[in-house]
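For the sequence shown, our numbering begins at 7 and goes up steadily by one. What follows is a set of notes on a single structure, which appears directly below.
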Amino acid sequence: MQLKWFIGLIIMVTAGGVAAQCKQPVQPELEIDGTQDRRVDMMSAKQVLQTYLTQADRYLDCLDRMGTIAMTSGKDTEASRDQRIAAYSRVMAEMNAEVDAFRQQAELFNGR
7 MQLKWFIGLI IMVTAGGVAA QCKQPVQPEL EIDGTQDRRV DMMSAKQVLQ
57 TYLTQADRYL DCLDRMGTIA MTSGKDTEAS RDQRIAAYSR VMAEMNAEVD
107 AFRQQAELFN GR
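Next up, the structure:
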């Protein structure tokens with residue numbers, strides 16, 4: 007069973023591009039205002055952020071796995087590596103931006 011899965015994964019990697027096989031999470035649109043929102047609003051936004059970060063971590067793990075499979079299969083190309091690196095960098099930047107924005111609003115909320 008695992009061998010079938012592995013072979014299928016190799017076929018997907020070589021046929022359709024690595025990033026296309028991993029599901030990139032949708033970046034949340036947190037509309038919070040730490041100067042005015044209630045605690046329940048802040049906690050809700052925190053939960054949305056945590057869910058996004060978990061999904062983003064899974065996506066990055068998937069990119070890593072796909073890269074490993076591509077390299078060990080001998081089917082890795084410079085273009086596919088560049089694609090993985092760009093996808094990884096983009097999601098890391100999004101994650102950092104979301105955390106920074108939430109942290110800023112949380113500091114405003116806690117400072118009231």
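Glycine is no exception: its CB is placed at the ideal position from the N, C-alpha and C atoms.
Compute the beta-carbon to beta-carbon distance between residue i and residue j, rounded to the nearest angstrom, for a pair I have assumed lies under 8 Å.
i    : j   : result
Y65  : V97 : 6 Å
F108 : L59 : So it is not a contact: roughly 10 Å between Cβ atoms.
Q115 : D43 : Reading the sequence as shown, one finds Phe at residue 115 and not Gln. Correct: roughly 7 Å between the Cβ atoms.
P31  : Q61 : 4 Å
Around the Cβ of residue i, are there at least 16 other Cβ atoms within 10 angstroms (buried) or fewer (exposed)?
i   : result
G73 : buried
I17 : Any reading at I17 is ruled out, since the residue's pLDDT is 44, under 50, leaving its predicted position unreliable.
S86 : buried
A92 : exposed
Below 8 Å CB to CB, which residues in the same chain sit around residue i once its five sequence neighbours on both sides are set aside?
i    : result
Q110 : G40
Q33  : Y58, E100 and E104
D47  : I38
Closer than 7 Å by C-beta to residue i: which residues in its own chain qualify, once you throw out the five before and the five after it? Chain order, please.
i    : result
D67  : none
Y94  : L66 and L69
G117 : none
Segments of 3+ residues assigned as beta strand (DSSP E) that fall wholly inside the region 21–64: none
*Would you mind listing the alpha helix (DSSP H) stretches within the region 76–101 that are 4+ residues and don't spill past its ends, in chain order?*
Listed in chain order, nothing qualifies, since the region 76–101 has no complete alpha helix (DSSP H) run of 4 or more residues.
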